[in-house]
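Novice: One structure coming up, written as structure tokens, with questions to follow.
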Amino acid sequence: MTSSSTGTPADGRQSDGRQPDGQQLDDQEVAGLAARLREHRLSSRLTLEVAAGRIGLSPAYLSRLETGRRQPSLPVLLGLARAYGTSVSGLLGEAMVEPDPVVRGGAIEPGRAGGWGYRRAGAPGRAMQALRVHVPPGVQDAVVRVHPGEEWLYVLRGELKVTLGDRVHHLAPGDSAHYDSLTPHCIAAESDTGVELLFIHTLLQSPGGELCLGGGPAASH
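Numbering-wise (this note's numbering), the sequence shown opens with residue 67 and increments by one.
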């Protein structure tokens, strides 16, 4: 793994959370997603303003997600899952089964969340969430994020750029990164075919205990 210093990159989003021209999110509809996003926010007793602030979105953009006028990317879904103490699978309405310590492999489904593909790699309802993720090429989600907790990733295929604070790290297959997610961070694929990686993060709220307290405003989008 090599690294070099650079300034924090622009996140590529407009002030309301939209992508600039030519970088629109994949609007493939996930049935019932908008209603579930609203239900989870209300059950967490969070206003639009507080929930949006926790993950660095504008209230107007979160409102669009809850009314189905926009489809969230996987990074946004990860942020919402942390804020609501649930999993990405739960937000997407996937059937919850009795936790099994063994998770079998399988193909990653592309395009489920703004072009990002993912497959669960750990049991639901735990203090950590493990995913296999496909990061698509381009900069459509090179968003700088700040939130309580920790993140760990391991590159399986492709070349990945990880920005932590004011440093940029270029990761190849076999490289990994483990960092405090209060450090401003973003990831982006450098390979034309994207990057496949293992990704583990701690939930903002967890049935296993309040491991990540707080949740002040994240980096503004």
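By construction, the Cβ of each residue, glycine as well, lies at the ideal position given by its N, Cα and C atoms.
With a 10 Å radius around its C-beta and 16 neighbouring C-beta atoms as the bar for buried, classify T268 as buried or exposed.
Specialist: As a working mapping, residue 268 is identified with position 202 in the sequence shown. Buried, since its Cβ has 16 or more Cβ neighbours within 10 Å.
Novice: To which residues of the same chain is S257 closer than 6 Å at the C-beta, ignoring the five residues directly before and after it?
Specialist: Counting from one through the sequence shown, the residue named residue 257 turns up at place 191. So the list reads G224 and E225, once near-sequence residues are dropped.
Novice: Give every residue of the same chain whose Cβ lies closer than 8 Å to the Cβ of M194, excluding the five residues on either side of it in the sequence, and list them in chain order.
Specialist: Mapped onto the sequence shown, residue 194 falls at position 128. Within the same chain, M194 has close Cβ partners G188, I266, H267, T268 and L269.
Novice: Who are the near neighbours of A118 in its chain, counting only those whose CB is closer than 8 Å to its CB and skipping five residues on each side?
Specialist: The sequence position of residue 118 within the sequence shown is 52, counting from 1. Only S124, P125, Y127 and L128 meet the Cβ criterion.
Novice: Return the chain-ordered list of same chain residues with a C-beta closer than 6 Å to the C-beta of L158, the five sequence neighbours on each side being excluded.
Specialist: Position 92 of the sequence shown holds residue 158. These residues qualify, in order along the chain: V96.
Novice: Just to confirm, does S109 get its C-beta within under 7 Å of one of the non-hydrogen atoms of the ligand GTP?
Specialist: Within the structure as shown, the ligand GTP is missing, as the structure has no ligands at all.
Novice: Given T152, which residues of its chain have a CB within under 7 Å of its CB, disregarding the five upstream and five downstream residues?
Specialist: If you number the sequence shown from 1, residue 152 lands on position 86. Closer than 7 Å at Cβ, skipping near neighbours: H106.
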